[in-house]
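Working notes for the structure below.
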Amino acid sequence: MYLVCRVLHAHIIINPAAGRGAARRAEAPVCRAFRAQGWAVDVARTEGPGHGQELAAHAVSQGARHVVAVGGDGTVHDVANGLLQSDGDAALGVVPIGSGNDFAKMLGVYRHDPARAVARLVTAQSRRFDAGRVLNEWFVNSVGFGFGPAVVRTRNAMPNLRGFLSYMVPILKTFFKFEPPLFDVAAPGFRERGYMMMVEVCNGTTSGGSYRFAPDADPADGKMDVCLIRRVSLPRFLLAIPRVMRGTHLGMREVALIKTAKVVIRSPEQPLVVHVDGELREPGTNECTVVLERGRLNVLVAR
Numbered sequence: 000m001y002l003v004c005r006v007l008h009a010h011i012i013i014n015p016a017a018g019r020g021a022a023r024r025a026e027a028p029v030c031r032a033f034r035a036q037g038w039a040v041d042v043a044r045t046e047g048p049g050h051g052q053e054l055a056a057h058a059v060s061q062g063a064r065h066v067v068a069v070g071g072d073g074t075v076h077d078v079a080n081g082l083l084q085s086d087g088d089a090a091l092g093v094v095p096i097g098s099g100n101d102f103a104k105m106l107g108v109y110r111h112d113p114a115r116a117v118a119r120l121v122t123a124q125s126r127r128f129d130a131g132r133v134l135n136e137w138f139v140n141s142v143g144f145g146f147g148p149a150v151v152r153t154r155n156a157m158p159n160l161r162g163f164l165s166y167m168v169p170i171l172k173t174f175f176k177f178e179p180p181l182f183d184v185a186a187p188g189f190r191e192r193g194y195m196m197m198v199e200v201c202n203g204t205t206s207g208g209s210y211r212f213a214p215d216a217d218p219a220d221g222k223m224d225v226c227l228i229r230r231v232s233l234p235r236f237l238l239a240i241p242r243v244m245r246g247t248h249l250g251m252r253e254v255a256l257i258k259t260a261k262v263v264i265r266s267p268e269q270p271l272v273v274h275v276d277g278e279l280r281e282p283g284t285n286e287c288t289v290v291l292e293r294g295r296l297n298v299l300v301a302r
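Number 71 in numbering that gives the first Met the number 0 belongs to position 72 of the sequence shown; there are no gaps in the numbering.
Have a look at this one:
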């Protein structure tokens, strides 16, 4: 009588530029860590934005069951889109090496070094997460309108900032030149029109690295948490920043939060600018619909 041992296989997709090159340096340790756990590995490296989606889709077409994104939220976004647009049901794992790592915070691998993250991934459980759609692409963590994408644009123009400063400095710089857009936000049982600082549509609890716009969000409850922040003065804005970081902002009069599986955002006076999982998009339209599909993504969540 013979026992057949099935070798588990990790299809690793690395963004070499993530973490200012830290992901490139982590490639060998990540591969060694998987092999030490008895896993076989294949490695593919991204060459630019969107390439991770192509690599993930190809991995699934070759029969991949575990696809691991090594990088930040942008890498996760691309790899998840490749999985979500494929016919297979490969599980997404993450070794977080980026500046914000918002999605990794829900997976039990946040703030772990690459080898430790791998050790947690190989014993992780598969869980179904919701995934949203906007502008013909998927998102797994958040979509933002107004101040959020304006900050992303400022941050992209300041690549030398590091750590906490890479988030705080662009926020303050953006505020002084930002004009709150007129938004019309509509969801089943809810509608509000007015000048708003931002609308953040959340599947996860944090966005922008440290900001807990939706502290009670559950990525598997079939609902998005939509956080609206109305136009505020500078003193109220400065008060709001630490409260958003702690997730205690929901009691402020300028803040509203709704839970919904569908929301329509209109900007009557100017074209929308959007961030999708932190990636800037300028679709040239004044309206878009954000919808959620429950349990759409297979994710590895560490125990």
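Where is the CB? At the ideal position from N, CA and C, for every residue including glycine.
Backbone CA spacing between residue i and residue j [nearest angstrom]
i	j	result
V168	V184	29 Å
V121	R252	45 Å
I61	T45	Looking at the sequence shown, residue 61 is not Ile but Gln. Computed Cα separation, rounded: 18 Å.
E292	F182	24 Å
P187	V290	12 Å
D86	A219	21 Å
H111	F174	33 Å
L82	E53	9 Å
N285	R265	6 Å
L91	L296	8 Å
G283	R23	35 Å
L238	A216	23 Å
A156	K172	12 Å
Y1	A123	Caution is warranted here: a pLDDT of 44 is assigned to Y1, below 50, making its placement in the model unreliable, and no coordinate value can be reported.
L233	P113	40 Å
G37	A9	11 Å
A260	G208	24 Å
T204	G162	20 Å
R154	Y194	23 Å
P267	R280	18 Å
K258	R190	13 Å
R192	G143	17 Å
Y109	P95	7 Å
D77	G71	10 Å
Within 7 Å, strictly: CB atoms of residue i and residue j
i	j	result
V200	V231	no
V59	I11	no
V300	L164	no
G131	N14	no
R211	G246	yes
V117	A103	no
A89	A63	yes
I228	V254	yes
G145	P180	yes
S141	S206	yes
G97	G20	no
F128	V298	yes
C287	V150	no
Minimum C-alpha distance to residue i - residue among the options
i	options	result
M197	R19, V243, G221, R161	V243
G250	H50, K222, R152, A213	A213
G47	A39, N80, W38, G73	G73
G294	M223, V6, V40, V151	M223
R152	V108, F177, D129, G18	F177
I6	A16, A35, A25, A39	The sequence shown places Val at residue 6, rather than the Ile named in the question. It is A39.
Y166	H50, V78, N100	N100
A35	R115, P158, A16, A79	R115
#### Entry: Contained alpha helix (DSSP H) runs [length at least 4] in the segment 121-204, N- to C-terminal order
146-155, 164-174
### Query
Touching or not, the segment 63-83 and the segment 18-35, by the rule of three or more beta carbon pairs under 8 Å?
yes
### Query
Any chance the segment 132-147 sits against the segment 271-286, with 3 or more Cβ pairs inside 8 Å?
yes
### Message
Runs of 3 residues minimum, wholly inside the segment 18-86: which ones carry the beta strand (DSSP E) assignment?
### Response
39-44, 65-70
#### Entry: Ranges of the alpha helix (DSSP H) found wholly within the segment 223-300, counting only runs of at least 4
233-245
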